[in-house]
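If you use this note's numbering, the sequence shown corresponds to residues 50 to 267, in order. Built from N, CA and C at the ideal position, the CB exists for glycine as well. A short worksheet on the structure shown next.
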Amino acid sequence: MSVYKTKSLDSIEQKIMEADPETFRRHVLESAKDFKTSWIELGRALYAVWKDKLYKEWGYATIDAYAAKEIGIRKQTVMKLLRSYSFLEKEEPGYLKDEYVDSQSTALVPGYESIDVLRQARNKKDLDQEDYAGLKKAVFEKGKDAGELKKDLTNIIRERRELEPEEARQEKKLSLLKRFLGSLKAITRELETAKLGPASLAREAESLIKKIEAEINL
């Protein structure tokens with residue numbers, strides 16, 4: 050999938066010509082140009098821009114504004130790149146080494162969207178270490194794209210919940226109670242502030258809130 054249109058590429062190339070060859074700003078622009086086949090380097094560069102707030106030195110208020118106007122990348126893509134690179138740096142630093150990238154064919158270098166799915170999988174309590182290891186192998190050794198990986202992740206979670214139906218039911222119950230509690234608290238505060246209902250109604254609502262909180266904390 051191509052992220053850039055011809056107009057964006059032309060704009061980037063123009064900015065590259067205008068930027069000082071020795072600056073980091075030029076380096077980020079060149080990484081953006083090579084983004085389709087080298088997202089890791091662009092992720093590394095953008096991470097540095099975000100972490101050190103270099104975009105402010107270059108006249109932009111936010112990393113989103115900088116990325117959109119200077120290198121033609123949408124906010125959603127920027128966030129995925131930053132999250133994916135940060136995840137690799139923290140959880141799988143070996144895959145950031147030049148030797149790994151150089152040893153892989155372009156088709157097998159994991160895309161940033163696949164890494165973002167793997168990042169989400171890492172935090173799923175439904176998955177155990179073996180599940181995660183299987184997904185990681187699918188990404189780094191088989192080059193599965195994000196769509197395939199999402200299907201695998203969904204299937205694993207479904208299987209786990211089918212094996213543990215009672216746990217899944219309790220999880221759903223807890224989620225619904227929390228949502229109900231949040232809405233009830235908000236409505237009760239509004240009624241009390243605006244004085245739109247009798248005091249007895251507010252007391253009953255507070256009593257119900259306490260019962261739900263006790264249920265959630267069981």
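query: Three-state class that DSSP yields for residue 227 in the structure shown; result: helix
query: Three-state secondary structure assigned by DSSP to residue 252; result: helix
query: Residue from 170, 120, 207 whose Cα sits closest to the Cα of residue 186; result: 170
query: CB of residue 242 within 9 Å of CB of residue 254, strictly; result: no
query: Backbone CA spacing between residue 163 and residue 250 [nearest angstrom]; result: 51 Å
query: Rounded C-alpha distance that separates residue 63 from residue 110; result: 22 Å
query: Three-state secondary structure (DSSP) of residue 107; result: coil
query: Anticipated Cβ contact below 8 Å, residue 226 with residue 258, distance rounded; result: Actually they do not touch by this definition, with Cβ atoms about 11 Å apart.
query: Residue 141 versus 106, 218, 182, 264, residue with shortest Cα-Cα distance; result: 182
query: Alpha-carbon to alpha-carbon, residue 166 and residue 135; result: 13 Å
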